[in-house]
Amino acid sequence: MKKIFSISLILILSYNINGQNREWKKVIREHKTIENITYFFDSNVPIKERKSDIALSQKSIKEDLELINEKEYKKIIEIEFLASRKEMLKYSGYGAQGLAVFERDIVFMIHKNKNSPIKHEMMHMISMDKWGDTAESSHWMNEGLATYAGGTCSKYSLEEIYKYFIQSKKLIPMNTIANDFYSANDMITYTQSAFLVKYLIDNYGFEKLSKLWVEGYNNFNKIYGFEFEEMQSKIESELKIKYPKNIEFDWEEFNKGCI
């Protein structure tokens with residue numbers, strides 16, 4: 000196992016209004032390379048917490064690979080652990096908890112002790128490495144698979160969540176999910192897609208899923224041999240049998256998402 004310890008120094012010039020009393024402030028980020036991944040941390044993060052983040056990253060990669068029936072991940076990438084959403088916005092351009100930038104071989108991640116998004120973001124990196132980038136109408140699969148892998152910070156299972164969406168008439172139409180994924184409530188689109196991806200994996204396997212991933216939603220019938228609406232009706236019938244009564248569901252709490 001190859002290990003490299005390095006320190007990166009960033010010098011920031013600050014000065015007062017008349018240009019006098021200039022001074023250099025030192026901001027230190029340290030990085031460590033293990034096999035194909037380099038992990039970056041602020042120097043203020045204790046070594047124990049860095050080790051914990053790295054261990055969680057390695058565990059997440061292993062579990063993500065197992066979930067999609069793949070054996071190894073050797074792509075050379077960087078994982079940047081940042082302190083806050085403010086830093087995420089500064090370095091990645093997005094104020095999210097995590098962001099996978101496949102084209103740049105980098106993952107931006109908030110360093111946190113609970114509800115880390117690392118498994119979600121690494122699934123983006125792994126699935127696109129194995130299957131290629133998604134078609135325009137398959138973004139729902141990309142986010143759905145990552146959400147299935149990483150979990151939802153919810154006490155409800157994906158099946159229970161989907162059942163609630165049915166009973167409360169909150170399901171997003173599939174044409175919207177496929178063609179304008181990011182326009183709707185993300186707590187619905189992400190978890191609705193996660194359930195659908197899980198259902199496709201459990202019932203029809205990875206070969207067809209990976210084809211749909213690349214070819215797009217418009218080829219669903221060609222790949223699976225039936226219309227998506229037929230599968231959706233089948234799901235609703237199965238859930239009606241399993242849950243003959245409406246389930247109790249705290250929508251307000253669920254809609255808060257991960258903190």
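Sequential numbering of the sequence shown, starting at 0, is according to numbering that gives the first Met the number 0. In this text, a Cβ means the ideal position worked out from N, Cα and C, and glycines have one as well.
Give, in chain order, every unbroken run of the alpha helix (DSSP H) that is at least 4 residues long and sits entirely within the stretch 44-116.
Runs of the alpha helix (DSSP H) lying entirely within the stretch 44-116 and spanning at least 4 residues, in chain order: 46-66, 84-91.
Look at the alpha carbon of G215 and the alpha carbon of L195, and state the distance between them as a whole number of angstroms.
Whole-angstrom Cα-Cα distance: 15 Å.
If you run the structure through DSSP and keep just helix, strand and coil, what is T188?
Reduced to three states, the DSSP call for T188 is helix.
Which same chain residues end up closer than 7 Å to N178 when comparing Cβ atoms and leaving out the 5 residues on each side of it in sequence?
Excluding sequence neighbours, N178 sits near S136.
I146 - containing beta strand (DSSP E), residue span:
Residue identity differs from the one stated: residue 146 is Thr in this sequence, not Ile. In this chain, T146 is not harboured by any beta strand (DSSP E); it is covered by the alpha helix (DSSP H) spanning 138-149.
With three or more beta-carbon pairs closer than 8 Å as the criterion, would you say the stretch 240-254 touches the stretch 154-164?
Counting C-beta pairs with one atom in each stretch, the stretch 240-254 and the stretch 154-164 have three or more that are closer than 8 Å, which means they touch.
Would G94 and L88 qualify as a contact pair, given that the criterion is a beta-carbon distance under 8 Å?
Cβ atoms of G94 and L88: closer than 8 Å.
Cβ of I60 within 8 Å of Cβ of R84?
No, Cβ-Cβ distance for I60 and R84 is not below 8 Å.
Using alpha carbons as the reference points, say which of K73, Y189, I234 lies closest to D201.
Looking only at K73, Y189, I234, the smallest Cα-Cα distance to D201 is reached by I234.
According to DSSP, simplified to helix, strand and coil, what is Y163?
Three-state result, Y163: helix.
Drop a sphere of 10 angstroms on the beta-carbon of Y147, count the other beta-carbons inside from all chains shown, and report buried for 16 or more, exposed for fewer.
Under the 10 Å beta carbon count, Y147 is surrounded by 16 or more other beta carbons and is classified as buried.
Local conformation of K282 per DSSP, three classes:
Past the boundaries of the shown model lies residue 282; the chain is included only from 0 to 258, so the question cannot be answered.
G149: buried (16+ other C-beta within 10 angstroms of its C-beta) or exposed?
That one is buried.
Any contact between the stretch 121-137 and the stretch 224-241? By contact I mean 3 or more CB pairs, one from each, below 8 Å.
Segment contact: the stretch 121-137 against the stretch 224-241, fewer than three CB-CB distances shorter than 8 Å; contact not assigned.
Please state the DSSP three-state secondary structure of I33.
In the three-state reduction of the DSSP assignment, I33 falls in the strand class, which pools E and B.
Distance between Y189 and S182 (C-alpha atoms, nearest Å)
The alpha-carbon atoms of S182 and Y189 are separated by roughly 12 Å.
Report the CB separation of D104 from I67 in whole angstroms; it is logged as a contact under 8 Å.
That belief does not hold up - the Cβ atoms of D104 and I67 are roughly 19 Å apart, past 8 Å.
Taking 6 Å as the limit between beta carbons, can you name the residues of its chain near Y37, skipping five residues before and five after?
Reading the sequence as shown, one finds Thr at residue 37 and not Tyr. If we look at T37 and ignore the five residues flanking it on each side, its Cβ neighbours are H30, E77.
Take E252 and list the residues in its own chain whose beta-carbon comes closer than 6 Å to its own, dropping the five residues that flank it on each side.
Excluding positions up to five away in sequence, the list is empty.
Are I125 and S56 closer than 8 Å when you measure CB to CB?
The beta carbons of I125 and S56 sit no closer together than 8 Å.
Tell me, please, which residues DSSP counts as bridged to F39.
Answer is H30, E79.
Cβ atoms of F39 and E79: under 8 Å apart, would you say?
Contact check for E79 against F39 passes: the beta carbons are separated by less than 8 Å.
Looking only at C-alpha atoms, which of S42, Q166, L170, H138 sits nearest to S209?
Measuring C-alpha to C-alpha distances from S209 to each of S42, Q166, L170, H138 identifies H138 as the nearest.
For L12 and V26, what's the separation of their Cα atoms in angstroms?
Since pLDDT at L12 reaches only 42, below the 50 mark, its modelled position is unreliable, and no value is offered.
Check S156 in the structure and name its three-state DSSP category.
Note: S156 maps to coil in three-state DSSP.
Would you mind working out which of L81, E69, H123 sits nearest L144, comparing C-alpha positions?
Of the candidates L81, E69, H123, H123 places its Cα closest to the Cα of L144.
Whole-angstrom Cβ separation of N114 and C152, contact assumed at under 8 Å?
With a Cβ gap of about 5 Å, N114 and C152 count as contacting.
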